[in-house]
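Enquirer:
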Amino acid sequence: MTAWIEHILKNAYAISGEIKLLAGEADLNVKVSTATDTYLLKIMRPGCAPEFVDKQIAALSVLSRSDIGIKFQRVQLSVQGAPRITVTDEAGDKRIAWLLSFTPGTLLADVQYRTPALSFDIGSGVAKIDQALAGFYHPGLRLPLKWNLTEAGWIKEHIEQIESPERRTQIEQITDHFVKVLSPALTQWSTTPIHNDANDMNLLVHGKNFPRLSGIIDFGDSTFAPRICGPAIAGAYLMMDVDDPIVHLEAVVAGYHSVTPLTDEELDHLYPLALMRLGVSVTNSAIEKKNRPDDPYVVISEAPAWALLDTLANINRDDIAKRLRTAVKTPSKIMHAHTKKLVEKRFAVGLSNQKLSYAEPLHVVRGEKHFLYGADGRRYIDAYNNVPHVGHAHPAVIDAVQTQIARINTNTRYIQDIHLDYADRILALAPPELTKAIFVNSASEANELAMRLARAATGRKDMIVMDHSYHGCTTGAIDLSPYKFNRPNMPGAPDWVEMVRQPDPYRGPLRNTPDQGPCYAQDLTDAIARMVAKSRAPAGFICECLPSVGGQIVMPEGYLKQAYKIMRDAGGLAIADDVQTGLGRLGKYFWGFEQQGVTPDVLVLGKPLGNGYPIGAVLTTDKIADAFANGPEFFSTFGGSSGACAAGLAVLDVLEAENLPAKAHDLGNSMLSSLQSLAEHHEVIGDVRGYGLFLGVDLVTDRETCAPATKIADTVKNTMRERGVLIGVEGPHDNVLKIRPPMSFDQAAADQVIEILDGVLGDAVNHQ
């Protein structure tokens, strides 16, 4: 067959290239790839009516003159200038052949996650196509067609081909309604040329982050029919393989209505018409699989169609009609309703105290660099998420992880170069005193391990922590986290934990005191005295290098230097939680503790190490590691797995190759300057602070008293989300705007954040 096809291409079209046979119901479809172009050669079944091909050629000619933003195939003329030719196949049969350009794009069938917004876009696209064909006529559009819904009653005589009695009954009920109600209604409506086959094998989409309809192919089933058949057919297919089929039907109908308004009568009949299309599909599959049992194409939609029919079996037609009438009037509510349903499901299957970030929950489907893409089709500037340290879905990290886990992804009980390579790389970036690297799953586990190291090295149990700090979600990490244990319904600090104040230079009690840092550090002396009074002594002091949950605080100069000295003089260890501020986020400082001019005994790292791949790490000294090694074996099943180490190495490579710490330094200075300028115009800004891409904006209702503007901060956060920017709110009073984006952040995004924040701050204050 290949030689025969090559002969046609060479002699009729003067082209040659790689040939690939594609699926088709009745005709032969051949993808032809040359050095410069790609084509689709269609060789029709023997006996195919010339009008069947000519109507498609004519329709594509009409559409080629339209400007509706959707791509279509272009007919390629033969060397003789003919749009179609006649060829003789290897069996001696005459067949029509014609050549089309190959339309680029991804088949909808290959899109794993379909949003209601995509269904809306497809609905509007179907309407635009049918609108562009309005007024077009060709005799081939009048050919009998089993897929024309006005003729769908034909299946009544073939329902017995369906093997299951229950399913036969199901299709009989749908068909009876069609014969008695729908068919008479269809005859009352005017007909127009329609594409008539918007299924997932004929729709092309583009856009990695948020797919949109880009093209439509195969006009073989184009016909004259009432316009309502177009969205009914598209809806039938778009309801397949999705969690909430009716939401997608609402979306496609609303999309169609946005271009070509539908009447209430049409909306009332649309859902039963979609059911009838499904009935035609499964009946046709039952017939064809007996005629062609070895051809998988004839049953390509059978399983999802039956699954959908089972889902829809008990849904009332009148209820759907009401929903469709509402959907076309308020299409945006479709997306909100879908998100609301997911929220309800989340709480049904999970915990009710798992918090969502915004008053209007954000349903995200994709991420790239410093952008997130919502199911509503919007792109959001992500100025909040530090886990994707070098940017959402960074290709270098993806490639590294995929390559590694395709080879092996196992634990540290086996010798692998990648474990040791990553340990060497991370230790080379750390102070020389830190010579041991221990890998775990997360920062929570890393903080647990840090506490165990301190206890093993000192033989003590008690710990000192900073008020309103957070170190993780495990039992031990929560015991170290006043942010958690001081909440309502929580027990407070364990008897082995002492707290010291946050050294907040802006709103702390020592605000106007010279040498704030060393003064605040004396709190550790008092905490140790309380321990001694109970015949105890500290194992260690743990705090973030720049407290994040505490309010994006830059601690006063000298705080950690004095605090670490006090702790070490008392025989305890200095533990730095650098999860939020390590790996170059501060720009000027690669590690957060460098800002204070200290080196910890134990360094805890987490989230950003793997850019979203779970990994945490603890770096420490030989002496401390040796003391811990005297205890039971330490093992973390997934800690430092091959895949995690691959992700970690890739993150370090990207930081270096893209010079991200230096960029964070420059961009951070620029944003600080812009935020300080905003403070000159907005009295609500009490303080602006931070380094690099770790910034805080402290909002107040009174600059003299520093009274926190908690409600305003919440309004700003949620309004920024509404306007396409994601930030957070932190601090003991939830009044500090947290700006902590992926390191891929750039000046364009920063300028947008500042511009939008400027407007939002004014609105938020005016509406209080």
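Residues in the sequence shown are numbered from 1146 upward in steps of one, following the numbering used here. Here a beta-carbon is modelled for each residue, glycine too, at the ideal position from N, C-alpha and C. Owing to the predicted nature of the structure, the values given are computational and were not obtained by experimental measurement.
Rounded to whole angstroms, what is the Cα-Cα separation between SER1587 and LEU1800?
Expert: Answer to the nearest angstrom: the Cα atoms are 21 Å apart.
Enquirer: Would you grab the beta carbon distance between ALA1545 and ALA1809 for me? Rounded to a whole angstrom, and I think it's under 8 Å.
Expert: About 22 Å; that fails the 8 Å criterion.
Enquirer: State whether the stretch 1576-1586 contacts the stretch 1753-1769, with contact taken as three or more CB pairs (one from each stretch) at a distance under 8 Å.
Expert: Yes, the stretch 1576-1586 touches the stretch 1753-1769.
Enquirer: Starting from TRP1451, trace the alpha helix (DSSP H) both ways and give me its first and last residue.
Expert: Taken as a continuous stretch (DSSP letters only), the alpha helix (DSSP H) holding TRP1451 covers 1447-1457.
Enquirer: Give, in chain order, every unbroken run of the alpha helix (DSSP H) that is at least 4 residues long and sits entirely within the stretch 1192-1242.
Expert: Those alpha helix (DSSP H) runs which fall completely within the stretch 1192-1242 and span 4+ residues are 1195-1209.
Enquirer: Using 10 angstroms around the beta-carbon of TRP1149, count the other beta-carbons present and answer buried if the total reaches 16, otherwise exposed.
Expert: Flag for TRP1149 reads exposed.
Enquirer: GLY1784: which of ASP1409, GLY1695, GLY1813, LEU1750 sits nearest, CA to CA?
Expert: Nearest option by C-alpha distance: LEU1750.
Enquirer: Can you name the start and end residues of the alpha helix (DSSP H) that LYS1485 belongs to?
Expert: That run of the alpha helix (DSSP H) goes 1477-1494.
Enquirer: When DSSP labels each residue in this structure, what does ASP1847 get in the three-state scheme?
Expert: Reduced to three states, the DSSP call for ASP1847 is strand.
Enquirer: Pick from TYR1704, GLY1536, GLN1257, LYS1856: whose alpha carbon is nearest that of VAL1350?
Expert: Looking at the Cα atoms, GLN1257 is the closest of the given residues.
Enquirer: Which complete beta strand (DSSP E) runs does the stretch 1586-1656 hold, if anything under 3 residues is left out?
Expert: Complete beta strand (DSSP E) runs here, min 3: 1607-1611, 1642-1645.
Enquirer: Would you tell me roughly how many angstroms separate the C-alpha atoms of LEU1415 and ASN1429, rounded to the nearest one?
Expert: Each residue's alpha carbon lies about 21 Å from the other.
Enquirer: DSSP three-state label for CYS1688, please.
Expert: DSSP places CYS1688 in strand when its eight states are reduced to three.
Enquirer: Relative to the C-alpha of MET1346, which candidate in LYS1325, LEU1420, GLY1512, THR1251 has its C-alpha closest?
Expert: It is THR1251.
Enquirer: Where do the ends of the beta strand (DSSP E) carrying ASN1174 lie?
Expert: Element bounds for ASN1174: 1173-1178.
Enquirer: So, helix, strand or coil for THR1295, using DSSP?
Expert: In this structure, THR1295 counts as helix in the three-state DSSP scheme.
Enquirer: Between which two residues does the beta strand (DSSP E) harbouring LYS1165 extend?
Expert: Looking at the DSSP string, the run of the beta strand (DSSP E) that includes LYS1165 is 1163-1167.
Enquirer: Pick helix, strand or coil for ASP1832, following the three-state DSSP scheme.
Expert: In the structure shown, ASP1832 sits in a strand (DSSP, three-state: E or B).
Enquirer: Report the option in TYR1559, SER1309, ASN1344, ASP1562 whose CA atom is closest to the CA atom of ASP1255.
Expert: It is ASN1344.
Enquirer: Beta-carbon within less than 7 Å of TYR1158's beta-carbon, same chain only, minus the 5 sequence neighbours each way: which residues are those?
Expert: Here the set comprises GLN1221, SER1223, VAL1224, LEU1244.
Enquirer: Would you mind reading off the limits of the beta strand (DSSP E) that contains ARG1372?
Expert: No beta strand (DSSP E) holds ARG1372; DSSP gives it neither H nor E.
Enquirer: Within the same chain, show all residues whose beta-carbon is closer than 6 Å to that of VAL1509, passing over the 5 residues directly before and after it, in chain order.
Expert: Cβ within range, chain order: LEU1517, GLY1519.
Enquirer: Tell me where the beta strand (DSSP E) around THR1183 begins and ends.
Expert: Per DSSP, THR1183 belongs to the beta strand (DSSP E) from 1183-1188.
Enquirer: Comparing C-alpha positions only, which one of ASN1436, ALA1792, ASP1321, GLU1395 sits nearest to ILE1479?
Expert: When only C-alpha atoms are compared, the closest one is GLU1395.
Enquirer: State yes or no: is the C-beta of SER1819 nearer than 8 Å to some heavy atom of the ligand MN?
Expert: This structure lacks the ligand MN; in fact it carries no ligand of any kind.
Enquirer: With a cut-off of 8 Å on the beta carbons, I'd call LEU1805 and VAL1535 a contact; round off their distance for me.
Expert: LEU1805 to VAL1535, Cβ: 6 Å. Contact.
Enquirer: Rounding to the nearest angstrom, what Cα-Cα distance links LYS1862 and TRP1299 in this structure?
Expert: Whole-angstrom Cα-Cα distance: 58 Å.
Enquirer: Quick one: what does DSSP say PRO1701 is sitting in, helix, strand or coil?
Expert: Reduced to three states, the DSSP call for PRO1701 is coil.
Enquirer: Could you spell out the range, first to last residue, of the beta strand (DSSP E) harbouring ILE1150?
Expert: Where ILE1150 is concerned, there is no enclosing beta strand (DSSP E), although the alpha helix (DSSP H) it sits in stretches over 1147-1153.
Enquirer: Between the C-alpha atoms of GLY1841 and ASP1212, what's the straight-line distance to the nearest angstrom?
Expert: Using only the alpha carbons, I get a separation of about 48 Å.
Enquirer: Taking ASN1524 as part of the beta strand (DSSP E), name the residues at either end of that continuous run.
Expert: Before going on, a small fix: residue 1524 reads as Arg here, not Asn. Residues 1524-1527.
Enquirer: Measuring CA to CA, which of GLY1716, LEU1748, TYR1709 is closest to GLY1727?
Expert: The option with the nearest alpha carbon to GLY1727 is LEU1748.
Enquirer: Just to confirm, are ASP1154 and LEU1185 a CB contact at a threshold of 9 Å?
Expert: Strictly speaking, residue 1154 in this sequence is Leu, with Asp absent from that position. No, they are not a contact pair.
Enquirer: Taking only the alpha-carbon atoms, compute the straight-line gap between PRO1994 and MET1865 and give it to the nearest angstrom.
Expert: The structure shown does not extend to residue 1994, since the chain is modelled only from 1146 to 1913, so the question has no answer here.
Enquirer: Would the stretch 1623-1637 and the stretch 1648-1668 be scored as touching if the rule is three or more Cβ pairs under 8 Å?
Expert: The answer is no - the stretch 1648-1668 does not touch the stretch 1623-1637, with fewer than three Cβ pairs under 8 Å.
Enquirer: Thinking PRO1701 and GLY1662 are a contact (beta carbons under 8 Å), I'd like their distance in whole angstroms, please.
Expert: Sure, about 4 Å apart at Cβ, within 8 Å.
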